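In the working numbering, the protein residues as written are 57 to 412.
Heads up, the thing below is written out as structure tokens.
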Amino acid sequence: MQEAAKRSDDVPGAGPEPVRPVLVNDDAVRSALAQHLSRISGQRTEITSFGRKSSGFSWITYAFVARSSAEGDRKLILRVGPPNGLFAPYSVLPQVTALQSLAGTGVPVPALVSSAQDGAEIGFPFFICTHVDGDVPAPWAASELDPDHKRAIARQFVEILASLHRIDASTTPFASLQQGGERAELRAIAGWRASLARPTARYYPLLDWGGRWLYDNCPPPPRRTIVHGDYRIGNFIEDSGRITSILDWELTHLGDPHEDLAWAMMPTFNARSRKLYGVLERAEVIDLYQRASGIPVSDRSLAFYEAYALYQAAAIQMCAVRAFEVDRFNDMRLAVMASQMSSIVRAFERALEAAA
Numbered sequence: 057m058q059e060a061a062k063r064s065d066d067v068p069g070a071g072p073e074p075v076r077p078v079l080v081n082d083d084a085v086r087s088a089l090a091q092h093l094s095r096i097s098g099q100r101t102e103i104t105s106f107g108r109k110s111s112g113f114s115w116i117t118y119a120f121v122a123r124s125s126a127e128g129d130r131k132l133i134l135r136v137g138p139p140n141g142l143f144a145p146y147s148v149l150p151q152v153t154a155l156q157s158l159a160g161t162g163v164p165v166p167a168l169v170s171s172a173q174d175g176a177e178i179g180f181p182f183f184i185c186t187h188v189d190g191d192v193p194a195p196w197a198a199s200e201l202d203p204d205h206k207r208a209i210a211r212q213f214v215e216i217l218a219s220l221h222r223i224d225a226s227t228t229p230f231a232s233l234q235q236g237g238e239r240a241e242l243r244a245i246a247g248w249r250a251s252l253a254r255p256t257a258r259y260y261p262l263l264d265w266g267g268r269w270l271y272d273n274c275p276p277p278p279r280r281t282i283v284h285g286d287y288r289i290g291n292f293i294e295d296s297g298r299i300t301s302i303l304d305w306e307l308t309h310l311g312d313p314h315e316d317l318a319w320a321m322m323p324t325f326n327a328r329s330r331k332l333y334g335v336l337e338r339a340e341v342i343d344l345y346q347r348a349s350g351i352p353v354s355d356r357s358l359a360f361y362e363a364y365a366l367y368q369a370a371a372i373q374m375c376a377v378r379a380f381e382v383d384r385f386n387d388m389r390l391a392v393m394a395s396q397m398s399s400i401v402r403a404f405e406r407a408l409e410a411a412a
């Protein structure tokens, strides 16, 4: 499924050849996908209407129809973790755990069909889930929608987050993500700090200092809940005025619910508005969340996680630039992410002052 990286022989006086990008061959993926679905279903399965979806910056997403004599046509989604992607190397465990744990709860998710971490048949880590009808709202197009419509969706969005945080993770497969020792928030901060310290990353002194401050001042959570990790406008499907699925669970973990709330309210994800989806004031979001979740929101913790959100956003920008410039991941959207760094770093400085 992939074209291996190739280096020149050690020839005196000659520099190494550029590392060739690892390519995901769509035709090979389609053929292997048919074999995989035929094997797990025990019947010949044909793949039709197979094609990449442009949404998303990390996993490669394919929409397709699986056709068999027993089940007819099924609209499915395949997500593949490329070896040179934004968050490589990829693990399917968080997403698979989320889809398994949340089926039948108040948090709408697609149904899991199959997955494999070693990707032996497809060639890369992958999972397959059902297709959910609807559209993914883009934050930059929010002004084109009716304000009453946006308000209804925004309230659903907050209420679903509250439902997620009310779930007892110990009774679900999420319990397997609970590891002893260091808290998930601290592991994440340490991971982003290490990413920003890589030799190929641009150096920002404020991020260096701010990462240490975040690690040393992380507040205790009011309770440990399931945290989505990327809960924002653009990561759900809406159909006929109703949120029908929450997407992109690759950063999910057990941690502080303030993390999701702070991330969701970032202006970056709300068409640069301080209001959620451009319609819900901050105080209204917090009040609605507290009443729906039963979890009191701490001003101090929320300020901390608003600073952390900007730090994480900066680290993700640098991961994107590395994926494009060093690992040759062929997505032009990643190439322009560095242009956002100056505004993110300035906002991070203000957020640190508010949190300190």
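The C-beta atom is built at its ideal place from N, Cα and C for all residues, glycine as well.
All values derive from a computational prediction rather than experimental measurement.
Going by beta carbons, H187 and P313 fall outside the 7 Å limit. A residue is called buried once 16 or more other Cβ atoms fall within 10 Å of its Cβ, and S232, having fewer, is exposed. Around the Cβ of S301, a 10 Å sphere holds 16 or more other Cβ atoms; the residue is buried.
For T153, there is no enclosing beta strand (DSSP E); the enclosing alpha helix (DSSP H) has its first and last residue at L149 to L158. As for any alpha helix (DSSP H) of minimum length 4 sitting wholly inside the region 99–146, there is none. A direct Cα-Cα distance of roughly 41 Å separates P255 from A210. Note: A172 is bridge-paired with F182 in the DSSP secondary-structure output.
Residues of the same chain with a CB within less than 6 Å of the CB of P166, apart from the 5 flanking positions on each side, are C185, T186, V188 and S301 in chain order. If you keep only unbroken beta strand (DSSP E) runs of at least 3 residues inside the region 229–299, you get 281–283 and 292–295. Following the DSSP letters along the chain, one finds H92 in no beta strand (DSSP E) but inside the alpha helix (DSSP H) bounded by residues D82 to S97. Under the criterion of beta carbons closer than 8 Å, D202 and I293 do not qualify as touching, at roughly 19 Å. A distance below 7 Å separates the beta carbons of A407 and L366.
Bridge pairing for D191: E294 [DSSP].
With 16 or more other Cβ atoms inside 10 Å of its own Cβ, Q373 counts as buried. A buried status is given to T281, since no fewer than 16 other beta-carbon atoms sit within 10 Å of its beta-carbon. DSSP places I342 in the helix class (H, G or I) of the three-state scheme. If you draw a straight line from the Cα of I133 to the Cα of N291, it is about 15 Å long.
The Cβ atoms of A318 and E362 lie closer than 7 Å to each other. For the pair Y287 and K206, the CB atoms are not nearer than the 7 Å cut-off.
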